[in-house]
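Asker: Sequential numbering of the sequence shown, starting at 619, is according to the working numbering.
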Amino acid sequence: MATFHSVSLALRRKDPEMFREKISPYLNLFSGDDDEMKDFLRAILVVFDHIPSCKHLLERINKSMDSAAQYDKSYREPWATIIHHDFWCNNIMVTEEQPPRVTILDLQTTTLGSPAIDVIFLLLTSVKLEDIENRLDYFLQYYYDQFTAQLKSLGIDIVEFSYENFVKEIDTVSKLGQYIHALGHTSVILGEKGHTSLDSSDANYNMDAIDTGFKVNDKHIRKFEWITLEAEKRNWI
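Here's what the structure looks like:
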């Protein structure tokens, strides 16, 4: 991920005219139906019926959902680069060989944005709870170190890219929608295997026919609680 982001950023910095003419026209942020997104997000609120420790946050969570449904398109320099915008475990393939090779899939939502979006979304959705619940800052630092090392190797001055500003980016994108985005995908990732309301192989499926409800299990409860209390602690909600 750090390579994906750093190479794109370096290319934009070193040859801005080429980037603007040949790459930017193909970077279009997915724009869905706000009402459909709100319906899906509201459906996941049922999980909080099982989490007493988050009851005091429901009003803030609802406000965050309204904001997340707007598909924020903003970005801040100097961080703007090509981002995946849907970087979770199902969109990554890793070989078992050493060193492993990584393939990034499903690039249909790539856009110009903050790398923090991909970073926090992957960490919140796709890392096992026992591996991340006390180590989120470790993973953020690890990504940052890899990202800035790659930039330096590509001849980019990293003085603008301080860790403090990177954390501010994480906070900003989490407030603007990634906290809620992560909850939505967590409901899918931790859902009961073999049960789905969407057959994505059917080219004629109708969004109106999709049941946005899901069965709440203990994994949902534990992960939603951790993500939400972490969001409270970090002032994302």
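For glycine and all other residues, C-beta sits at the position ideal for the given N, C-alpha and C.
#1: With a threshold of 6 Å on Cβ separation, who are the neighbours of Leu-627 within its own chain once the five nearest residues in sequence on each side are excluded?
#2: Just to confirm before moving on: does the CB-CB distance between Ile-855 and Ser-682 stay below 7 Å?
#3: If distances are taken between C-alpha atoms only, which option among Leu-801, Leu-725 and Gln-764 comes closest to Val-664?
#4: What residue range does the alpha helix (DSSP H) around Thr-729 cover?
#5: Taking C-alpha atoms, which residue in Asp-657, Met-636, Thr-621 and Arg-694 lies nearest to Asp-790?
#6: Rounded to whole angstroms, what's the CA-CA distance from Asp-836 to Arg-852? Just pull it up for me.
#7: Checking the sheet assignment: what are the DSSP bridge partners for Ile-788?
#8: Nearest-angstrom Cα distance between Lys-691 and Thr-713?
#9: Specify the secondary structure class of Val-664 as computed by DSSP and reduced to three states.
#10: Under a three-way DSSP split, which group does Val-712 fall into?
#11: Would you tell me roughly how many angstroms separate the C-alpha atoms of Glu-843 and Leu-740, rounded to the nearest one?
#12: Short of 7 Å in beta carbon distance, which residues of its chain neighbour Phe-705, apart from the five on each side in sequence? Order them along the chain.
#13: Under the DSSP definition of a beta bridge, which residues are partnered with Thr-721?
#14: Taking only the alpha-carbon atoms, compute the straight-line gap between Ser-819 and Thr-804 and give it to the nearest angstrom.
#15: Just how far apart, CA to CA, sit Leu-772 and Leu-629?
#16: How would you call Lys-841, buried or exposed, if buried means at least 16 neighbouring beta carbons within 10 angstroms?
#17: Can the beta-carbon of Ala-734 be found closer than 7 Å to that of Glu-787?
#18: For Ile-700, write down the residues that DSSP places opposite it in a beta bridge.
#19: What number of angstroms, rounded off, separates the C-alpha of Asn-709 from the C-alpha of Asp-724?
#20: Cutting at 6 Å between CB atoms, please list the residues of its own chain near Ser-792, excluding the five before and the five after it.
#21: Could you tell me how far apart the beta carbons of Leu-808 and Cys-672 are, in whole angstroms, since I believe they sit closer than 8 Å?
#22: Going straight from the alpha carbon of Glu-810 to that of Tyr-760, what length do you get?
#23: Near Thr-766, what residues of its chain come up, given a Cβ to Cβ distance below 7 Å and the 5 sequence neighbours on each side ignored?
#24: Which of helix, strand or coil does DSSP assign to Asn-835?
#25: Can you check whether the CB of Tyr-762 is closer than 7 Å to the CB of Phe-784?
Answerer: Once the coordinates are examined:
#1: Thr-699
#2: yes
#3: Leu-801
#4: Careful: Thr-729 lies outside any alpha helix (DSSP H), inside the beta strand (DSSP E) at 729 to 731.
#5: The residue asked about is misnamed: residue 790 is Thr in this sequence, not Asp. Selected option, being the one with the closest Cα: Arg-694.
#6: 24 Å
#7: Bridge partners of Ile-788: none, in fact.
#8: 33 Å
#9: helix
#10: strand
#11: 17 Å
#12: Met-619, Asp-736, Phe-739 and Leu-740
#13: Met-711
#14: Caution applies to Ser-819, whose pLDDT of 47 falls short of 50 and renders its modelled position unreliable; the value that the coordinates give is listed next. Going by the C-alpha atoms only, they are around 22 Å apart.
#15: 9 Å
#16: buried
#17: yes
#18: Leu-730
#19: 6 Å
#20: Ile-738 and Trp-854
#21: Actually they do not touch by this definition, with Cβ atoms about 16 Å apart.
#22: 32 Å
#23: Ile-776 and Phe-779
#24: coil
#25: yes
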